[in-house]
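Just below is one structure, and these are the notes that go with it.
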Amino acid sequence: MVELLAKYNYWIVIILLTTGLYGVMARQNLIKKIIALNVFQTAVLLFYVSMSKIEGGTAPVLIKGAKQIIYDNPLPQVLMLTAIVVGISTTAVALTFVTLIYREYGTIEEDQILELNKHND
Amino acid sequence: MIDVAIPLFLVVCGIAVLLVKDLMSSIMIFSVYSLLIAIEWVRLNAIDVAITEAAVGAGISTVLFMIILSRTKSVEECKKSISIPALLVAVGVAGVLLYGSVDLPNLRDPNIAPSTHVSPYYLENAYKQTGQENAVAAILASYRGYDTLGETTVVATAAFCLILLLRGRRHTNKDLKKYEDTSINKCTVKGVGIKPTKTSPPGSEQDKDIIKKTVTKFLMPFIQLFGLYVIVHGELGPGGGFQGGVVLGVSIIVYSLVFGFKEAQQRMSVKAKDLLVSSGVLIYGGIGVLALFFGGNYLQYNVLLPDPKFASIIGILGIEIGVGITVAAVMITLFYETVRIDANG
Amino acid sequence: MEIIESARPVYAILVSLLAVVFIGISGKYPNLREMWTMLAAVLKFGLVVSMLPIILAGKVIEYHVTTVLPGLDIAFRVDSLGMTLALTASFLWIITSVYAIGYMRSLDEHAQTRFFMCFALALSAVMGAAFSANVFTLFVFYEIITVTTFGLVAHEETSEAIKGARRYLTYLMGTSIFFFLPAMFLTYNYAGTLDFASQGILAGKASYTIISIIFVLYIAGIAKAGMMPFHAWLPSAMVAPTPVSALLHAVAVVKVGVFTVVRILLFVFGIDLLSEIGLGTYLAYFASFTIITASILALKQDNLKLRLAYSTVSQLSYIVLAVALLTPSGITSSIIHITIHAFGKITLFFVAGAIFVATGKKYISQMDGIGRRMPFTMAAFTVGAFSMIAIPPFGGFVSKWYLILGTVEAHMLPIMVVLVASTLLNAAYFLPIIYSAFFKELPTDEVEGLREAPPMVVVPLVITALGTLTLFFWPSLLLDLARMVVSLVM
Amino acid sequence: MIKHLPALLIVIPLLAAIITPIIGRIHWVLSWYTVTITTFISFVISLSLLQTVLLQGDISYWMGGWQPPWGIEYAIDNLNVYVMIIVSFMALAGAIYSKNNINVEIDEARKPFFYSVYLLFVTGLMGMVVTGDIFNIYVFLEITSLSGYALIAIGKKRQALVGAYNYLIMGTIGATFFLLGIGYLYLMTGTLNIADLAARLPEFYQTKAIFTAFTFLVVGLCIKLALFPMHFWMPNVYTHAPSAVSAVMAATGAKVAAYAIIRVMFTVFEPEFYTLAPFNIQPILLILAVAAILAGSIMALAQTDIKKMLAYSSVGQIGYIVLGISLMSVNGMIGSLIHLLNHAMMKGALFFVVGAVVYRTGLTSIENFRGLGKKMPLSMAAFTIAALSMTGVPLTVGFVSKWYLAVASIEIGMWWLVPVILLSSLLTAIYFWRIIDAVWFKPALGEESHGHEHDDHQKPKSNDAPASMLIPTLTVAMLCLVFGVFAYAPVSLAEKAAVILLK
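Residue numbers (this note's numbering), protein chains in the order written: chain A, 105 to 225; chain B, 59 to 403; chain C, 405 to 894; chain D, 44 to 546.
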C-alpha cells in the first residue's frame, strides 16, 4: 500500500493520459477531441510537476540567510510553464481550424466530414 | 488526504469531460478540471505553474472554447460508443507506461536524480548569479532563458497563424448548402446551434448594461496594474512575464466583453496589437543580441552593465517585460481573431 | 600493354550529346536539324576511326571521368572488343541517318525532332557502353540506352505503340533492376572492384555457388541480348518506325546486349574460371535452345519485321553461344558476328522499311512478285538473307565458319547439330520470301505505280548489302580485332 | 561575431520572422525579400559552420553564457551541420519558389504573415537541429509544428483544413509523447543536456523506465516523421497544402524528424543500449521500415492525384531512411544520412514541378500531365530527372542511397533486404514512368490524337513556369544529378557523422 501510494501520482498520470488519448482518437466531435487532447497534455504536466516535489521541501523561492531549507526542484516547474503556454497556443490554433472547418462543411463531426469529402472527390 | 483526493477528482473530471455529450457542460467541467489541477500545483509547491494554469487553463482556454462553441455546434452527436482501435492504442500506451513505472523512483524521494544532479546548482547559485530570489524565474529567464525565448516565439507563432488563417476572405464552399439539409445531419439531438452565424459575439448584447460598464471601468486600471506587478514581481516571488501578460490580456478581453468589440478596438487597434505581438519578442531577442555587442554570449545579461548581478536583474526585467507584452498581445489576438470570425464568413 | 590517357572516347560520346542540343534548338528548320545529325554521325565515326590505329598497335586508351562512390567509377577504356562495337555502330549510324531522313520524310512522320534527339542520345550511350572500363559505367550506359530508345519505340504514340513500348521498358528495366543490378552489386561485394580485367575479377573471390548465382543473374539481367525467356521485348518493339528497328534492334540495343554478355563473361568472370566451373557449357546449351526455338517461331510470322525480329533473337544467341564455347575460334566468331550480323540484319530491316515506304505493305504474304518492281531492294534483301543463312560469299559464312571451328575445339558435337538445324531453319524462313518476291506474279491490281522507294532509302540499303559482301572478302580488320581480344583473354 | 555564428544561425531568422509582418505592411514584396535573404544568410552560416567543424572540430555554444548542463548548449558536429545545410538550402529554394506560387493560395494582404510563419517553420526546424538540449528540441519542435499546421491550412481546398486539423492532433500527440519521454529521462538522470544524458544514461540501460523513455521518444518522433503505420495523417497534408509548403515540408520537415530520431537513438542513447535493452528494438524498426517501403510504393501506385502519389512515395522513402538507421552499421547509417539529402532534393524538385503545374493549369490529377512535355519542357525535364532519381537510376542521387543501403544489408547478412529494395525500386519506376510516359508521349487532354500529321510547326506554345519557380526547380533537379555523379562529397560528410554516431 505504501509502495502503491509512493507512486500514486504516476498512476493518476497513466489514467489521465490514457483517458485523454482514448478520447482524442475515439471521439468524432472535433471540439471534444481538442478537450481530450488538453486532458492528455495535462497528464504530462502532472508527471513533471509531481517529480519536482520533495518530501518536506518548500517552494523554490530562495530565502536569504536560511541554510538548512530543502527546496523543491524548480526545473520541472520551469519546463511545465513552457508546456502550458505551448498547450494553449496549440489549442487556439486547433480551435481556429474547427471554426473554419465548420464554416466550410457545416459540421464538426469527423465521420460526416469524411462523408462530405468522399462526395467531393 | 487531500493529496489523494485531488488527483482522484482530476480523474473523475477527466473522464466526465469525455462522457458528457453537451459540449458546453464539457467545457465547464474542463474548466473545473483546470482549476483542480492548479490547486494540485499549489499542493506541489509549484506556485508559478499554478498561477499560469489558472489564468491559461481555466481562464483563457475556457473563454476560447466558449467563443468557438458559439460559432459552431454545442452538442456532440449521438455516434458510436466505443472505438476498438483507439482502445487498443490506449491500452497499449497504458501498458508501456505501467511497465516503465515499475522501476521509477518513489515520488518525493529527496535522493532522486532530478533533485541531486542539476537543480542543486540552481538553488545554490540563482541568487548570486542572477539576483533572482525566485529560482523558477532565474531558470526561466536566465539559465534556460533561450527556451523561454522559444516559448515566447511559440505564442507569437500562434498569433501569426491565427491572423494568417482568419484575416482576409477565405473562399466559401458553394456546395455547403447542398449537404447541409441531407441526411447526414439528422442525427442532431436538439438542433441547438445549427445556425451558428446568428449568434452574436459575446459582448454586443450587453451594451446597455451601465453597472457592468462602470464597474469594469473602475476595475480596469487595477487589473492592469496587477498585471504589470505580476510581470515585474517575478524576481522576488511567483509571477513573471507569462502570468502578468495573461492578466493584462484578460483585462482587455474583459473590456471588450463588456463594452463590445468596436469600443475595445478603439482602445487598442488591431494594428497596434499586431505590432505589440512582434515587439515583445523583439525586446527579448534584442536584449540577447545586445549582449553579443557587449562581448557576452547570446542572452548573457551580466555583461550588459558593469555590475554583473545588477545587469542580470535589469536584463531579466527587460525580457520579462518583453514576454509580458507579447503574451498580453497574443491573448488579445486570440480573442479578437476568433470573435471576428463570422464577420468575414 | 601500353596505356594512353586520352579523352577521345569521351569526345566520341559527347559529339552526339551536343548534337542533341542543336537538334532540339533547330527543330523548326528540318534541313538544319538533319544537318546536325549527319555532322555528328560523321564526326563520331571520324573520332572512332582516329582511335583505331592506336588500338591496332596493341595499345589501349583510358580516361577516368569521376569517382561516384569508392569503387564506383565512371571511366572509359578503349580496347579491341569495344572498338569493334564502336566502329560498327558509328559507321552504321551514318547510313541509318540517311535512311531515317528519307524514311521519316517520305512518310511525313510527326515529332521528328524528338525522334532525332532520342536517336542521337541512344548513339551516345552505345559509344559509352562500348568504351566502358568497368561494370558500373557499362550498366549506366546500358540503362541510358533503354530509356532513350523507349522514346523511339513509343514514337507513334498510338495505343499499340505505347503498349509495345511499355512491354519493352518493363522487360529491359525489370530485368536490369532485378538481375543485372544485384549481379553487379554482388560482384562489387565479393570482388571489391568492378573494373574489367582480362583474366576476370571474380576468380578465387567467392565460392562456386556464389559465382554461379552471379552468373545466372548477369545472364538473366542482360535482356538486351534477347536470350529466352526474356526475348519478348524484341518482337513487341517492332512497332517502332523501321529505321529504329533497323539501327537499334538489329544493331545498337541488341548488340550492346550481346556485347555486354561477352564483356562480362570474358572480363568479369574470365575464361579460366568459367571453364573451371563449366558454366560455359550450360550457357552454350541454353543459347542453343534459344537459337532453335526462335527460328521455329520466325517461321510462323507473316509480318516481315516480326520474322526479322525472331531471326535476330536466334542470331544473337549465336554470339552468346560462340563466346560460351570459351575457345579461340569461338570467341573470334562471336566478336566478328557482332559486326557481320549487324550489316546483314540492318540490310534486311532497311528493305522491310523500303517496302513499307513504297507500298505500305507489312506482310510477307502480300509481297508476291515485288522483286520485279523493286529489284535493288530485293537484291539487297537476298544478300542480307544469304548472309544470315551463311552462304558464301557473304559475311555470315565467315562467322559461322569460325563458330564451327569453335565447337570442334570445344568438343561439343551436339552443338554442331544445332548449328546445322538452325542453318536449315534459317534457309526455310528466308528463301520462300526471296522466291515469291522474284518468281511469283504480282497481283494484277497492283501493277500500277509500284516502284522503288526514294533514293535516300534505297542507297543506304545497297551500301549495307555491299558491306556484307566486303566483310566476306576483306574480313582482315575484323579478324585482327577479334584476335587481339582472344590473345588478351586466353 | 564569428564565435556567435551558432546562435545567429537561429536568432537571425527568428527575429526576422517576427519583424516580417511589420515590414510587410509597407509592401508584401519586402517580406519576401526578408525571408529570402534570411534563409540565404542561414545557408551561408551553415556552410561556414561546416568549414569550422571540418577544420576545428565540434562547436559548443553556451546560451546565456551558462555552462551545460545548467544552461542550454548549441552543440554542432558533423551530423547536424550536414542537416542544417539541407534544411537551409531547401528553405531558401522554397522561399524563392513561393514568390509567385503562393499567389494561387492567398491574397496579398496575408502574404507578410505567410512569410513570417514560413520563416518560423524553418527556424523551428533549424533550432531542432543545432541544439544540444533535449527539451530545447521540444520547444523548437512546437514552433515548427504550429507554423506547419497553419501553412497547411491555407491550402485552397477545404480538405486542407481537415488535413491540418488531423496533423495537429497527431503532431500534438507525437510531441506530447516526446515530452513524456524527456520526462522519464529526466526523472532517471536529472539532466536535459544531450551530452550529459549520454554520459549518465548507460548505468540505467537495463531499466524498464529508460526503455519506456526510449519508446516514447522514438514513437513520438516517428509520428512526426510519418513512419508507417503512423503515416496516415501525412498524405492529406501533402496533398492539400500549398505546393511550396508541401515541397519544403517534404524536403525539410521529415528530414529533421529523422535527424531527431538519429540523435536520440545514437547520441542520447549509445549503440550499446541496443544490446542491453530489455527488448530487442532492431527487428521492430526493421520490419516497420520494410513495411513502409513496400506499403508506400504500393499505395503510391494506386493514386490518381499526383500530390497524393508523391505523399505515399514519401512514406516509402521514409522507410528507406529508417531502414538505414535500423541496420545499425556504418554503411547503413551513411545510406540513411545520404538519403536525407537525396530525398530532400528529389521530393523537393518533384513538388516544385507539381506546384508549377498547379500554377499553370490548376489541376493535380495524373491524367492532367498528358502532353505537358511540350507546354512546360523545362519543368518536365526537372520532373523526369527527379523521377528517375527516385527510382534509383545510376548517376542520380537515388542510386547512391540505395547502393549504401544494399551494401549495409549484405554486410550484416540480411541479404533478403536487397530484393525488397529492388522490388520497391521497380514499383517506383512503374508509378513514375506512368507520368513520364504521359508527359512526353501522349497528346494533351482535349487535343486530337496526332496520328501521322506533321505537328512540328504547330506545336502548342511553351508556357513554362515563371522564372522565380523555374530557377529553384531546375537548381534542385540539377543537384540530383550533380550529387549523383560527384556523390563522394556528401558521402564523405555522412561517413564522418556515421562513424561518430556508431563509435
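Cβ atoms here follow ideal geometry from the backbone N, Cα and C, with glycine treated the same way.
Proximity test, Cβ basis, 8 angstroms: residue i and chain A
{"i": "isoleucine 377/B", "result": "no"}
{"i": "tyrosine 117/D", "result": "no"}
{"i": "serine 159/B", "result": "yes"}
{"i": "tyrosine 287/B", "result": "no"}
{"i": "proline 366/B", "result": "no"}
{"i": "glutamine 99/D", "result": "no"}
{"i": "threonine 439/D", "result": "no"}
Beta carbon proximity, residue i to chain C, threshold 8 angstroms
{"i": "lysine 418/D", "result": "no"}
{"i": "alanine 449/D", "result": "yes"}
{"i": "alanine 537/D", "result": "no"}
Residue i: first and last residue of the uninterrupted alpha helix (DSSP H) it sits in
{"i": "isoleucine 909/C", "result": "Since the displayed chain C opens at 405 and closes at 894, residue 909/C lies outside it and no answer follows."}
{"i": "tyrosine 104/D", "result": "Element bounds for tyrosine 104/D: not the alpha helix (DSSP H) but the beta strand (DSSP E), 102-105."}
Residue i versus the options, residue with shortest Cα-Cα distance
{"i": "phenylalanine 186/A", "options": "Gly373/B, Ser309/B, Glu111/B, Lys186/B", "result": "The amino acid occupying residue 186/A in the given sequence is threonine; phenylalanine does not appear at that position. Nearest of Gly373/B, Ser309/B, Glu111/B, Lys186/B to threonine 186/A, Cα basis: Glu111/B."}
{"i": "alanine 349/B", "options": "Ala330/B, Asp332/B, Lys186/B, Ile372/B", "result": "Ile372/B"}
{"i": "valine 482/D", "options": "Ala430/D, Glu454/D, Ile364/D, Thr187/D", "result": "Ala430/D"}
{"i": "isoleucine 330/D", "options": "Ile364/D, Leu92/D, Trp75/D, Gln346/D", "result": "Ile364/D"}
{"i": "valine 464/C", "options": "Lys448/C, Gly450/C, Leu485/C, Asp477/C", "result": "Leu485/C"}
{"i": "glycine 800/C", "options": "Glu813/C, Val812/C, Leu823/C", "result": "Leu823/C"}
Where the beta strand (DSSP E) containing residue i begins and where it ends
{"i": "tryptophan 446/D", "result": "Looking at the DSSP string, tryptophan 446/D is not in any beta strand (DSSP E); the run it does join, the alpha helix (DSSP H), is 440-454."}
{"i": "alanine 118/D", "result": "116-119"}
{"i": "glutamate 466/C", "result": "464-473"}
{"i": "phenylalanine 322/D", "result": "Per DSSP, phenylalanine 322/D belongs to no beta strand (DSSP E) and is neither H nor E."}
{"i": "isoleucine 118/A", "result": "First-last for isoleucine 118/A: 112-130, but that is the alpha helix (DSSP H), not the beta strand (DSSP E)."}
{"i": "glutamate 409/C", "result": "407-409"}
Chain B within 8 angstroms of residue i, Cβ atoms only
{"i": "tryptophan 109/D", "result": "yes"}
{"i": "alanine 50/D", "result": "yes"}
{"i": "glutamine 501/D", "result": "Bear in mind that a pLDDT of 47 at glutamine 501/D, under 50, signals an unreliable position, so the number given afterwards is only what the model happens to contain. With 8 angstroms as the cut-off, glutamine 501/D does not count as an interface residue toward chain B."}
{"i": "glutamate 491/D", "result": "With a pLDDT of only 48 at glutamate 491/D, under 50, the local geometry of the prediction cannot be trusted, and the value read off the model is given with reservation. It does not; no Cβ of chain B falls within 8 angstroms."}
Closer than 8 angstroms to chain D by CB, residue i
{"i": "threonine 186/A", "result": "yes"}
{"i": "tyrosine 152/A", "result": "yes"}
{"i": "leucine 141/A", "result": "yes"}
{"i": "glutamine 190/B", "result": "no"}
{"i": "phenylalanine 760/C", "result": "no"}
{"i": "glutamine 145/A", "result": "yes"}
{"i": "glutamine 264/B", "result": "Because glutamine 264/B carries a pLDDT of 47, less than 50, the predicted location of this residue cannot be relied on, and no value is offered for it."}
{"i": "alanine 524/C", "result": "no"}
Residues near residue i by beta carbon distance below 6 angstroms, same chain, minus five either side
{"i": "glycine 773/C", "result": "Lys844, Glu845, Leu846"}
{"i": "leucine 135/D", "result": "Thr82, Phe83, Phe86"}
{"i": "serine 494/C", "result": "Lys448, Phe449, Val452"}
{"i": "serine 769/C", "result": "Asp706"}
Same chain, Cβ closer than 8 angstroms to residue i, neighbours up to 5 away in sequence not counted
{"i": "isoleucine 901/C", "result": "Since the first residue shown for chain C is 405 and the last is 894, residue 901/C is missing from the structure and cannot be characterised."}
Cβ-based neighbour list, residue i, same chain, cut-off 7 angstroms, excluding 5 preceding and 5 following
{"i": "phenylalanine 284/B", "result": "Val305"}
{"i": "leucine 470/D", "result": "Ser340, Ile341, Leu344"}
- alpha helix (DSSP H) runs contained entirely in the region 490-563 of chain C, provided each spans 4 or more residues: Runs found: 516-535, 539-557.
- Item | Every unbroken beta strand (DSSP E) within the region 158-245 of chain D, with a cutoff of 3 residues, ordered by chain | Here no run is fully enclosed.
- Query: If you scan the region 786-874 of chain C from start to end, which runs of the alpha helix (DSSP H) of 4 or more residues do you find wholly inside it?
  - Reply: Unbroken alpha helix (DSSP H) stretches of 4 residues or longer found wholly inside the region 786-874 of chain C: 799-814, 817-843, given in chain order.
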